[in-house]
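Here the sequence shown is numbered in this note's numbering, starting from 2 and rising by one per residue.
Idealized CB from N, CA, C, for every residue including glycine.
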Amino acid sequence: MRGSGRLAAGRLAAGWLAAALTLGACQSAQPTATPPIMPGTAAAPREVNLIAKDYSFVPDVMDLIPGEVILLHVINGGLEIHEAIIGDMAVQDAWEVAEAATVGAPPGPTPAVSVPPDVAGLRVVVRSGERVDVTWTVPDTSAPLIVGCHIPGHWAKGMQIPVRWVAGTDGPSAPPA
Ligand SMILES: [Cu+2]
C-alpha cells in the first residue's frame, strides 16, 4: 500500500509540474487579447496595475481605452528605482536625453530633471518596494504610445512596453442596438 501511495503522490507531483510548465509556456507567448473592458470615468476610474521589475514591465502591454480615466497603480517589485513614462516616441526621447544627464549623480532622478511640457507625457517615479497611485485621463487618440523607464540604462535593458488601444464596452447602461 505504501508503495502505491508513493507512486500516486509522484504522479500528482508530475501533474502539477506539467501544469506549471504549461502556464509558463503561455506567459511567454504573445500577449493575449483581454475581454472587453468598461472605460473608466472621473467618478469611477478604471484600475490598471503596472509592475516594474529589474528590468521589465508586467504585463508586457498596457491596454487603454482612448479618453477614459484610469487609476494607475505602479508597483516597483525590483531592487532599483524605476519609473513609468507614458507618451509617444518624442516623449520617450526627451526623457532619455534628460535623464542621461544624471549619470554620475546619486542614484535616482533628481528634481532638476525635467523636459518641456509638450513632451512631458505622464511620469510616475517609484522606489523599490513602493506603490504609487495616479489618476490619469488617457489621451483621446489612437496614436502609438509607449510606457518606458528612463532611469539611465533601463530603456536599453528593455523597460519599454506598448500601449494597446482597445475599444471599451458601453457597459450595462448601453442603449439597445
Ligand atoms: Cu527602470
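Query                                                                                                                                                   : Result
Around the C-beta of Glu-84, are 16 or more other C-beta atoms found within 10 angstroms, so that it is buried, or is it exposed?                       : buried
Distance check for Val-126 and Ala-45, CA to CA, integer angstroms please.                                                                              : 24 Å
Quick check on DSSP: helix, strand or coil for Asp-94?                                                                                                  : helix
Taking the beta strand (DSSP E) that Ser-57 belongs to, which residues open and close that run?                                                         : 57 to 59
Any idea if Glu-69 is buried or exposed, counting beta-carbon neighbours within 10 angstroms, 16 or more meaning buried?                                : buried
Grab me the residues of Lys-158's own chain with a C-beta within less than 6 Å of its C-beta, minus the 5 sequence neighbours each way, in chain order. : Tyr-56
For the beta strand (DSSP E) containing Lys-54, name the first residue and the last one.                                                                : 47 to 54
Taking DSSP's pairing of strands, which residues face Glu-84 in a bridge?                                                                               : Val-126
For the beta strand (DSSP E) containing His-74, name the first residue and the last one.                                                                : 70 to 77
How would you label Glu-100, buried or exposed, when you count the other beta carbons within 10 angstroms and need 16 or more for buried?               : buried
Bridge partners of Leu-65, per DSSP?                                                                                                                    : Trp-166
Report yes or no: do three or more beta-carbon pairs, one from the segment 52 to 67 and one from the segment 148 to 168, lie closer than 8 Å?           : yes
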